[in-house]
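Trainee:
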Amino acid sequence: MFNKEKKEDRDQGGFLKKASLVVLILIFLLFSFLAGMYVSKTNEAFGEFAKKESIYLGKLTGKYNEDNQGELSTDIDFSLYWELWDTLKAKYVDRDKMEDKRMFYGSLKGLASSLGDPYTVFLDPKNSQEFSESLSGTFEGIGAEVGMRDDVLTVIAPLDGMPAQKAGLLTGDKIFSVDGESTLNMTIDEAISNIRGEKGTVVTLTIYREGMEETKDIKVTRDVIRVNSVTTRMEDNNIFVIKISNFNEDTINLLNKAIIEILVKNPDGIVLDLRNNPGGYLETAIEVASEWVEEGVVVLERFSNDQEIGYQARGIARLKDYSTVVLVNMGSASASEIVAGALKDYGLATIVGVKTFGKGSVQALQSFKDGSSAKITVAEWLTPNGDSINKEGVTPDEEVEYTLENFKEGKDPQMERALEILNSIKN
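Start counting the sequence shown at 144; every next residue gets the next number (the working numbering).
1) State the CB to CB distance for the pair Ala492 and Thr467, rounded to an integer number of angstroms; the pair is presumed to be in contact (CB under 8 Å).
2) Determine contact between the stretch 246-264 and the stretch 303-316, defined as no fewer than three beta-carbon pairs at a distance below 8 Å.
3) Suppose you measure from the CA of Asn389 to the CA of Tyr465; what does that come to, to the nearest Å?
4) Below 6 Å CB to CB, which residues in the same chain sit around Met377 once its five sequence neighbours on both sides are set aside?
5) By how many angstroms is the C-alpha of Tyr224 removed from the C-alpha of Ala233?
6) Within the same chain, show all residues whose beta-carbon is closer than 6 Å to that of Val537, passing over the 5 residues directly before and after it, in chain order.
7) Have a look at Asn381 and Val414 and give me their C-alpha separation to the nearest angstrom.
8) Beta-carbon separation of Ser504 and Tyr262 under 7 Å?
9) Tell me whether Ile494 sits in a helix, a strand or coil according to DSSP, three-state version.
10) Who are the near neighbours of Val345 in its chain, counting only those whose CB is closer than 8 Å to its CB and skipping five residues on each side?
11) Verify the contact flag: Ile405, CB atom, against every heavy atom of the ligand SAH, threshold strictly below 6 Å.
12) Roughly how many angstroms separate the alpha carbons of Asn420 and Ala432, rounded to a whole number?
13) Run through the DSSP bridge pairs and tell me what Tyr454 is partnered with.
14) Val264 and Asp220: beta carbons closer than 7 Å?
15) With DSSP as the reference, identify every bridge partner of Lys617, one or two as the case may be.
16) Quick check on DSSP: helix, strand or coil for Phe511?
17) Would you give the residue range spanned by the beta strand (DSSP E) that Pro301 belongs to?
18) What are the residues that DSSP puts in a beta bridge with Arg376?
19) Pick from Pro301, Met329, Ser257 and Gly284: whose alpha carbon is nearest that of Met291?
20) Nearest to Glu544 by CA position, among Ser447, Leu425, Ile494 and Ile385, is which residue?
21) Output the boundary residues of the beta strand (DSSP E) element that contains Phe319.
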């Protein structure tokens with residue numbers, strides 16, 4: 144009896160141990176499952192927080208992401224970027240003055256400038272907005288177009304009647320500093336941002352001009368720059384003058400009004416003044432050229448793989464039968480050179496002045512979701528005859544200088560020669 148009871152006790156004890164073990168295993172599995180759920184939810188919550196933080200605080204995301212597309216060369220270690228980032232954040236003496244976005248945008252500007260092309264640039268949201276405003280024809284600044292000439296910031300075109308011209312800036316002036324800050328390592332867009340400013344404020348430009356023995360400071364009071372891109376007048380000898388200062392949003396509408404006036408007044412000739420016109424929209428340049436060019440290619444666009452695209456005339460050509468002289472100078476760039484080159488190649492105008500700037504590269508504007516953008520050189524322009532505009536410019540049929548002495552004396556030998564040519568044709 145005693146042995147039987149002991150056996151039953153042992154069997155019962157074994158069953159309890161096994162049952163307890165099963166319960167423990169179940170508890171462990173349940174805990175693991177719950178812990179997994181917690182970790183998963185924590186990761187999801189952290190991910191959502193990271194997203195919100197990046198949106199709200201403007202922090203940088205994807206810091207340690209690896210490239211899985213196979214697009215990066217194996218000898219590029221992007222961890223070096225973040226290693227430098229972390230080192231700067233940890234060791235820079237004025238850490239309280241560091242701004243993540245300024246650092247990030249600065250690195251993107253450096254990436255674009257590493258190509259060595261002054262026209263391929265990254266624009267932060269502020270610079271991007273200023274660039275858009277300049278093409279609309281209204282902004283605050285000094286009213287002058289600048290560009291790079293032999294790696295030196297150079298005045299391409301002071302706009303007529305604007306503060307820069309009134310202060311004495313001339314085409315070809317080299318700008319060595321802006322408010323005492325050297326322009327040596329500035330991109331064009333950084334320089335423009337520094338030169339521009341609120342109406343009524345003053346900017347000091349240290350310039351050098353050919354013939355000067357030393358540099359000179361020129362103070363320019365900024366103003367609201369409103370540019371009507373097309374102005375017209377009728378000369379006493381029945382010659383109609385069209386001056387296009389930019390190829391902007393208002394150009395086609397204003398030119399159309401001028402052409403209607405021409406058709407009514409029927410002048411003996413036309414002077415198309417493109418001096419100090421730094422360019423603008425390609426489409427606008429094609430439309431303008433098409434008022435003379437009835438058919439054929441207005442400009443060729445050549446890409447890095449030697450592929451070429453020809454932009455055809457629109458078939459309008461309302462001015463094709465008018466004797467025309469086109470005035471150009473070193474301040475005539477980009478879209479101006481497209482128009483002058485097309486009219487020259489087709490023999491539709493006589494080009495008078497001096498060789499143009501030679502800005503014949505093509506920039507595509509890529510906008511990004513944060514308001515920033517990048518201007519990227521993707522091709523170069525060729526005239527209809529296949530002559531490169533980039534760095535070569537358009538050579539006039541008749542070279543006529545316009546000197547500083549002419550300017551001071553109120554004389555314009557280039558315009559005078561244009562009128563002489565047209566008067567000789569009508570006589």
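Think of the CB as a built atom: it goes at the ideal place given N, C-alpha and C, for glycine as much as any other residue.
Mentor: On the basis of the coordinates in this document:
1) Confirmed, about 4 Å.
2) As far as the Cβ criterion goes, the stretch 246-264 does not touch the stretch 303-316, which means the pair count is below three.
3) Computed Cα separation, rounded: 23 Å.
4) If we look at Met377 and ignore the five residues flanking it on each side, its Cβ neighbours are Phe383.
5) One C-alpha to the other measures close to 14 Å.
6) Taken in chain order, the residues that qualify are Glu480, Ala483, Gly484 and Thr499.
7) Taking the CA atoms as reference points, Asn381 sits about 11 Å from Val414.
8) For Ser504 and Tyr262, yes; Cβs fall inside 7 Å.
9) Per DSSP, reduced to three states, the secondary structure at Ile494 is strand.
10) Excluding positions up to five away in sequence, the list reads Lys362, Val363, Thr364 and Arg365.
11) Inclusion of the ligand SAH in the displayed structure is not the case, the ligand content being empty and no account of it being possible.
12) If you take the alpha carbons of Asn420 and Ala432, they lie about 15 Å apart.
13) Bridge partners of Tyr454: Val442.
14) Cβ atoms of Val264 and Asp220: not closer than 7 Å.
15) Lying before the first or after the last residue shown, residue 617 is absent from the chain, which here runs from 144 to 570.
16) Note: Phe511 maps to coil in three-state DSSP.
17) Pro301 -> beta strand (DSSP E) spans Val295 to Pro301.
18) Per the DSSP secondary-structure output, Arg376 pairs in a beta bridge with Val384.
19) The residue among Pro301, Met329, Ser257 and Gly284 with its C-alpha nearest the C-alpha of Met291 is Met329.
20) Check the Cα spacing between Glu544 and each of Ser447, Leu425, Ile494 and Ile385: the tightest is with Ile494.
21) First-last of the beta strand (DSSP E) with Phe319: Lys317 to Val321.
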